[in-house]
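Numbering (the numbering used here), first residue to last: 2 to 124.
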């Protein structure tokens, strides 16, 4: 990885009522210009957002069983189920400078994407 960063969010799920990953995926609505939900099962990588103002995301199941030593979800022995949400960005674009331009566009009444789709790329 030459540039970018990835956050992985862990969300602990309630054991009742039972919610499937398909239910979560159908209910997840992303309505922001630069945030994109990938198709089910596609893992977002920093190379997919290199040189862009986008944040890609998806959701994946994580689990922990009291009988197992394998714990994907970092919430300890009381955790029964969790959802993992990886979200990479190119922090040289989506970082402070890209966010400042995006905010300026909104404040001045310009389209949010003005100046952010065609960015120079180095390295």
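The C-beta atom is built at its ideal place from N, Cα and C for all residues, glycine as well.
In this structure, the alpha-carbon of residue 59 lies about 6 Å from that of residue 38.
Counting along the chain, residue 11 sits inside the beta strand (DSSP E) bounded by residues 6–13. Residue 5 places its beta carbon 8 Å or farther from that of residue 44. By the beta-carbon neighbour count (other beta carbons within 10 angstroms, threshold 16), residue 54 is buried. For residue 94, the number of other beta carbons within 10 angstroms of its own is at least 16, and it is reported as buried.
Per DSSP, reduced to three states, the secondary structure at residue 93 is coil, with no helix or strand assignment. At the C-beta level, residue 85 and residue 26 stay beyond 8 Å of one another. Counting every other CB atom within 10 Å of its CB across the protein chains shown gives residue 63 a total of 16 or more, marking it as buried. Under a 10 Å Cβ-count criterion, residue 114 is classified as exposed, with fewer than 16 other Cβ atoms of the shown protein chains found around its own Cβ. With a beta-carbon spacing of about 6 Å, residue 87 and residue 7 fall inside the 8 Å limit used to define contacts. When DSSP states are grouped into helix, strand and coil, residue 102 belongs to the helix group. Residue state for residue 117 is assigned as coil, using DSSP reduced to three classes. The C-beta of residue 103 has 16 or more other C-beta atoms within 10 Å across all chains shown, which makes the residue buried.
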